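Each residue of the sequence shown is one higher than the one before, starting from 1 at the first, in the working numbering.
Even glycine gets a Cβ: it sits at the ideal position worked out from N, Cα and C.
As the structure is a prediction and not an experimental result, all values here were calculated from the model.
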Amino acid sequence: MEKSPDSALPSVTAHKAVELLRQRLEDIDRIAVLRSDDPDVRKWRDTTEAVLDAAFGKPNGEPHRMTSKFTNAGSFAARRVGRSGRGGMPDSVIQRQHHERLRERKAVLESCIEQLELLAPPAALLPDIEAALELRDAGGLSAGTNLWIVAPDLITRLAEVESDRVDIASLVRMCKEINSSHEHGNVLAAVLLMRTVLNHVPPVFGYQAFEQVVAAQKKSLKESFDHLENGLRKIADFHAHRRIGAFESYPSVAQVEPFKPQFELLLQQVEIRLRSETRPGN
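See below:
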(Lines of atoms letter the chains of each structure in order from A and count residues from 1; the text may use other names and numbers.)
(Lines give C-alpha, C1' and ligand atoms only; values in the text may rest on other atoms or scores of the structure.)
Protein backbone atom coordinates (compact mmCIF):
# COMPACT_ATOMS: atom_id res chain seq x y z
CA MET A 1 0.00 0.00 0.00
CA GLU A 2 1.43 3.35 -1.01
CA LYS A 3 2.13 5.65 1.91
CA SER A 4 0.24 8.96 1.82
CA PRO A 5 2.40 12.11 1.85
CA ASP A 6 2.92 13.82 5.18
CA SER A 7 0.71 16.78 5.98
CA ALA A 8 2.32 20.21 6.16
CA LEU A 9 1.08 22.41 9.00
CA PRO A 10 0.53 26.16 8.55
CA SER A 11 3.82 28.03 8.80
CA VAL A 12 2.49 31.51 9.64
CA THR A 13 0.03 32.72 12.26
CA ALA A 14 -3.55 33.50 11.28
CA HIS A 15 -2.88 37.18 11.97
CA LYS A 16 0.14 37.20 9.65
CA ALA A 17 -1.74 35.25 6.98
CA VAL A 18 -4.55 37.83 6.95
CA GLU A 19 -1.98 40.60 6.57
CA LEU A 20 -0.30 38.85 3.63
CA LEU A 21 -3.58 38.00 1.90
CA ARG A 22 -4.76 41.59 2.16
CA GLN A 23 -1.55 42.62 0.41
CA ARG A 24 -2.31 40.15 -2.40
CA LEU A 25 -5.83 41.59 -2.70
CA GLU A 26 -4.53 45.14 -2.90
CA ASP A 27 -2.42 44.12 -5.90
CA ILE A 28 -5.37 42.81 -7.94
CA ASP A 29 -6.16 46.17 -9.59
CA ARG A 30 -2.60 46.35 -10.93
CA ILE A 31 -2.80 42.75 -12.21
CA ALA A 32 -6.16 43.39 -13.89
CA VAL A 33 -4.74 45.93 -16.36
CA LEU A 34 -1.96 43.58 -17.49
CA ARG A 35 -2.24 41.13 -20.33
CA SER A 36 -3.07 37.64 -19.12
CA ASP A 37 0.28 36.35 -20.40
CA ASP A 38 2.30 39.03 -18.60
CA PRO A 39 4.96 37.43 -16.33
CA ASP A 40 3.73 39.56 -13.41
CA VAL A 41 0.33 37.84 -13.58
CA ARG A 42 1.89 34.40 -13.11
CA LYS A 43 4.19 35.75 -10.41
CA TRP A 44 1.20 37.18 -8.51
CA ARG A 45 -0.64 33.87 -8.75
CA ASP A 46 2.35 31.78 -7.64
CA THR A 47 3.12 34.06 -4.70
CA THR A 48 -0.52 34.06 -3.61
CA GLU A 49 -0.62 30.27 -3.74
CA ALA A 50 2.50 30.18 -1.55
CA VAL A 51 0.81 32.47 0.98
CA LEU A 52 -2.27 30.22 1.02
CA ASP A 53 -0.06 27.15 1.59
CA ALA A 54 1.59 28.96 4.50
CA ALA A 55 -1.80 29.99 5.92
CA PHE A 56 -3.67 26.68 5.62
CA GLY A 57 -0.93 24.08 5.23
CA LYS A 58 -1.12 21.02 2.99
CA PRO A 59 -3.37 18.24 4.35
CA ASN A 60 -1.89 14.87 3.32
CA GLY A 61 0.66 16.76 1.25
CA GLU A 62 -2.04 18.19 -1.03
CA PRO A 63 -3.09 21.86 -1.37
CA HIS A 64 -5.81 22.90 1.06
CA ARG A 65 -9.27 23.15 -0.53
CA MET A 66 -9.14 26.95 -0.36
CA THR A 67 -5.81 26.95 -2.18
CA SER A 68 -7.29 24.65 -4.83
CA LYS A 69 -10.30 26.93 -5.20
CA PHE A 70 -7.97 29.85 -5.84
CA THR A 71 -5.83 27.93 -8.33
CA ASN A 72 -8.81 26.55 -10.27
CA ALA A 73 -10.89 29.74 -10.22
CA GLY A 74 -12.07 30.77 -13.68
CA SER A 75 -11.20 27.48 -15.40
CA PHE A 76 -12.96 27.80 -18.73
CA ALA A 77 -14.20 24.70 -20.50
CA ALA A 78 -14.86 26.43 -23.79
CA ARG A 79 -12.93 25.09 -26.79
CA ARG A 80 -10.19 27.56 -27.51
CA VAL A 81 -10.51 27.81 -31.27
CA GLY A 82 -9.91 31.19 -32.83
CA ARG A 83 -11.67 32.79 -35.72
CA SER A 84 -8.83 31.81 -38.03
CA GLY A 85 -9.17 28.14 -37.06
CA ARG A 86 -5.53 27.98 -36.05
CA GLY A 87 -6.22 27.69 -32.35
CA GLY A 88 -5.99 31.38 -31.47
CA MET A 89 -8.49 33.46 -29.47
CA PRO A 90 -9.29 37.15 -29.81
CA ASP A 91 -7.46 39.30 -27.28
CA SER A 92 -10.78 40.71 -26.09
CA VAL A 93 -11.99 37.22 -25.11
CA ILE A 94 -8.70 36.34 -23.41
CA GLN A 95 -8.76 39.56 -21.38
CA ARG A 96 -12.41 39.07 -20.46
CA GLN A 97 -11.60 35.60 -19.13
CA HIS A 98 -8.58 37.06 -17.33
CA HIS A 99 -10.84 39.58 -15.56
CA GLU A 100 -13.45 36.94 -14.69
CA ARG A 101 -10.71 34.71 -13.27
CA LEU A 102 -9.43 37.57 -11.14
CA ARG A 103 -12.93 38.33 -9.83
CA GLU A 104 -13.35 34.72 -8.76
CA ARG A 105 -9.89 34.63 -7.17
CA LYS A 106 -10.64 37.86 -5.33
CA ALA A 107 -13.80 36.28 -3.90
CA VAL A 108 -11.80 33.22 -2.78
CA LEU A 109 -9.19 35.38 -1.05
CA GLU A 110 -11.90 37.39 0.71
CA SER A 111 -13.44 34.13 1.92
CA CYS A 112 -10.05 32.95 3.18
CA ILE A 113 -9.60 36.16 5.16
CA GLU A 114 -13.08 35.79 6.63
CA GLN A 115 -12.32 32.24 7.73
CA LEU A 116 -9.04 33.25 9.33
CA GLU A 117 -10.60 36.22 11.14
CA LEU A 118 -14.02 34.85 12.11
CA LEU A 119 -14.28 31.11 11.69
CA ALA A 120 -10.74 30.46 12.91
CA PRO A 121 -9.92 27.07 11.32
CA PRO A 122 -7.95 25.11 13.96
CA ALA A 123 -5.15 24.28 11.53
CA ALA A 124 -4.70 27.91 10.60
CA LEU A 125 -4.61 28.99 14.24
CA LEU A 126 -2.23 26.28 15.43
CA PRO A 127 0.91 28.45 15.22
CA ASP A 128 -0.89 31.17 17.24
CA ILE A 129 -1.80 28.65 19.93
CA GLU A 130 1.67 27.17 20.07
CA ALA A 131 3.26 30.62 20.29
CA ALA A 132 0.96 31.60 23.13
CA LEU A 133 1.59 28.45 25.15
CA GLU A 134 5.33 28.19 24.68
CA LEU A 135 7.52 30.12 27.10
CA ARG A 136 10.71 30.60 25.17
CA ASP A 137 13.55 33.03 25.25
CA ALA A 138 13.45 33.22 21.46
CA GLY A 139 9.67 32.87 21.28
CA GLY A 140 8.67 36.47 21.08
CA LEU A 141 10.32 37.15 24.44
CA SER A 142 13.76 38.31 23.43
CA ALA A 143 16.37 39.00 26.06
CA GLY A 144 16.21 42.50 27.42
CA THR A 145 12.47 42.99 26.97
CA ASN A 146 10.01 43.54 29.81
CA LEU A 147 7.48 41.00 28.58
CA TRP A 148 8.29 38.65 31.44
CA ILE A 149 8.84 38.85 35.17
CA VAL A 150 10.67 35.53 35.48
CA ALA A 151 13.28 34.73 32.82
CA PRO A 152 12.06 31.74 30.77
CA ASP A 153 15.40 29.94 31.14
CA LEU A 154 15.07 30.19 34.94
CA ILE A 155 11.62 28.61 34.73
CA THR A 156 13.09 25.82 32.62
CA ARG A 157 15.84 25.19 35.16
CA LEU A 158 13.34 25.15 38.02
CA ALA A 159 11.22 22.60 36.16
CA GLU A 160 14.28 20.35 35.87
CA VAL A 161 15.03 20.38 39.62
CA GLU A 162 14.40 17.05 41.35
CA SER A 163 13.73 17.13 45.09
CA ASP A 164 12.74 14.45 47.55
CA ARG A 165 11.61 17.12 50.00
CA VAL A 166 9.30 19.44 48.03
CA ASP A 167 7.23 19.32 44.84
CA ILE A 168 8.34 22.13 42.55
CA ALA A 169 5.55 21.72 39.96
CA SER A 170 3.14 24.28 41.42
CA LEU A 171 5.89 26.90 41.71
CA VAL A 172 6.85 26.37 38.06
CA ARG A 173 3.22 26.73 36.98
CA MET A 174 2.84 29.91 39.05
CA CYS A 175 5.91 31.41 37.37
CA LYS A 176 4.46 30.67 33.94
CA GLU A 177 1.14 32.24 34.93
CA ILE A 178 2.93 35.32 36.28
CA ASN A 179 4.67 35.79 32.93
CA SER A 180 1.47 35.20 30.99
CA SER A 181 -0.46 37.68 33.12
CA HIS A 182 2.28 40.29 32.84
CA GLU A 183 2.61 39.86 29.06
CA HIS A 184 -1.13 40.35 28.56
CA GLY A 185 -1.35 43.40 30.82
CA ASN A 186 -3.09 41.61 33.71
CA VAL A 187 -1.11 43.50 36.35
CA LEU A 188 -3.35 42.65 39.29
CA ALA A 189 -3.19 38.92 38.54
CA ALA A 190 0.60 39.11 38.23
CA VAL A 191 1.17 40.93 41.52
CA LEU A 192 -1.20 38.65 43.46
CA LEU A 193 0.54 35.57 42.06
CA MET A 194 3.91 37.02 43.02
CA ARG A 195 2.64 37.44 46.59
CA THR A 196 1.43 33.83 46.47
CA VAL A 197 4.98 32.74 45.60
CA LEU A 198 6.27 34.56 48.69
CA ASN A 199 3.87 32.49 50.78
CA HIS A 200 4.69 29.30 48.87
CA VAL A 201 8.49 29.03 49.03
CA PRO A 202 9.48 29.42 52.73
CA PRO A 203 9.60 25.60 53.37
CA VAL A 204 12.40 25.39 50.78
CA PHE A 205 14.49 27.48 53.22
CA GLY A 206 13.25 25.58 56.27
CA TYR A 207 10.71 28.15 57.48
CA GLN A 208 6.94 28.60 57.48
CA ALA A 209 6.70 32.33 56.75
CA PHE A 210 8.56 34.54 54.32
CA GLU A 211 9.38 37.11 57.02
CA GLN A 212 11.35 34.33 58.75
CA VAL A 213 13.23 33.69 55.49
CA VAL A 214 14.08 37.39 55.29
CA ALA A 215 15.36 37.52 58.88
CA ALA A 216 17.65 34.52 58.36
CA GLN A 217 19.53 35.97 55.37
CA LYS A 218 22.86 37.77 55.33
CA LYS A 219 22.93 41.49 54.55
CA SER A 220 22.76 41.60 50.75
CA LEU A 221 20.09 38.93 50.38
CA LYS A 222 18.24 40.24 53.40
CA GLU A 223 17.87 43.67 51.82
CA SER A 224 16.59 42.18 48.55
CA PHE A 225 14.13 39.84 50.25
CA ASP A 226 12.98 42.63 52.57
CA HIS A 227 12.15 44.65 49.44
CA LEU A 228 9.72 41.86 48.49
CA GLU A 229 8.25 41.45 51.97
CA ASN A 230 7.71 45.14 52.70
CA GLY A 231 7.27 46.41 49.14
CA LEU A 232 5.73 43.82 46.85
CA ARG A 233 3.60 42.27 49.57
CA LYS A 234 2.23 45.64 50.70
CA ILE A 235 1.19 46.56 47.16
CA ALA A 236 -0.46 43.16 46.64
CA ASP A 237 -2.24 43.38 50.00
CA PHE A 238 -3.52 46.85 49.19
CA HIS A 239 -5.09 45.75 45.92
CA ALA A 240 -6.37 42.46 47.35
CA HIS A 241 -8.25 44.06 50.24
CA ARG A 242 -9.43 47.45 48.96
CA ARG A 243 -13.15 47.94 48.45
CA ILE A 244 -14.85 49.59 45.51
CA GLY A 245 -15.23 53.33 45.75
CA ALA A 246 -16.50 56.33 43.85
CA PHE A 247 -13.32 56.46 41.79
CA GLU A 248 -11.11 53.49 40.94
CA SER A 249 -7.77 53.07 39.17
CA TYR A 250 -6.24 49.82 37.96
CA PRO A 251 -2.63 49.12 39.06
CA SER A 252 0.01 49.98 36.48
CA VAL A 253 2.98 47.93 35.31
CA ALA A 254 5.21 50.40 37.16
CA GLN A 255 3.94 48.94 40.44
CA VAL A 256 5.25 45.47 39.55
CA GLU A 257 8.39 45.76 37.44
CA PRO A 258 10.59 47.34 40.16
CA PHE A 259 10.37 44.02 42.04
CA LYS A 260 11.49 41.89 39.09
CA PRO A 261 15.24 41.70 40.03
CA GLN A 262 14.55 40.72 43.65
CA PHE A 263 11.82 38.27 42.64
CA GLU A 264 14.15 36.50 40.20
CA LEU A 265 16.87 36.49 42.86
CA LEU A 266 14.49 34.72 45.25
CA LEU A 267 13.71 32.06 42.65
CA GLN A 268 17.41 31.61 41.89
CA GLN A 269 18.00 30.99 45.60
CA VAL A 270 15.21 28.42 45.56
CA GLU A 271 16.95 26.66 42.66
CA ILE A 272 20.36 26.82 44.35
CA ARG A 273 19.00 25.51 47.66
CA LEU A 274 17.20 22.54 46.07
CA ARG A 275 20.06 21.63 43.72
CA SER A 276 22.53 21.68 46.61
CA GLU A 277 20.40 19.07 48.37
CA THR A 278 20.68 16.67 45.42
CA ARG A 279 24.49 16.79 45.18
CA PRO A 280 26.36 13.59 46.07
CA GLY A 281 27.23 13.46 49.73
CA ASN A 282 24.32 15.66 50.85
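Buried or exposed (CB count within 10 angstroms, at least 16 for buried), residue i
i, result
"Ser181", "buried"
"Gly57", "buried"
"Val18", "buried"
"Ile178", "buried"
"Gln208", "exposed"
"Ile244", "exposed"
"Pro152", "buried"
Beta-carbon proximity of residue i to residue j, cut-off 8 Å
i, j, result
"Glu248", "Leu158", "no"
"Ile155", "Lys176", "yes"
"Val51", "Leu20", "yes"
"Ala236", "Met174", "no"
"Pro203", "Gln212", "no"
"Thr71", "Glu49", "yes"
"Ser36", "Gln95", "yes"
Residue i (DSSP reduced to helix, strand or coil)
i, result
"Ala8", "strand"
"Lys260", "helix"
"Lys43", "helix"
"Lys58", "strand"
"Asp153", "helix"
"Phe225", "helix"
"Gly82", "Low per-residue confidence applies at Gly82: pLDDT is 43, beneath 50, and the placement is therefore not dependable, though the value from the model is reported in the following sentence. Three-state DSSP puts Gly82 in coil, outside helix and strand."
"Ala240", "helix"
Residue i: CB within 7 Å of a non-hydrogen atom of the ligand ATP
i, result
"Ala151", "Only the bare structure without any ligand can be found here, which leaves the ligand ATP out of the picture."
Inter-residue CB distance, residue i and residue j (contact presumed, cutoff 8 Å)
i, j, result
"Leu283", "Pro251", "Nothing about residue 283 can be read from this structure; the chain reaches only from 1 to 282."
"Ser163", "Glu277", "7 Å"
"Leu109", "Arg24", "6 Å"
"Pro59", "Ser7", "5 Å"
"Phe205", "Gly231", "19 Å between Cβ atoms; not a contact."
Contact between the region 208-228 and the region 238-255 is defined here as three or more beta-carbon pairs at a separation below 8 Å; is this criterion met? No, the region 208-228 does not touch the region 238-255.
Count the C-beta pairs between the region 26-41 and the region 89-106 that are closer than 8 Å, then say yes if the count reaches three, no if not. Enough Cβ pairs lie closer than 8 Å, so yes.
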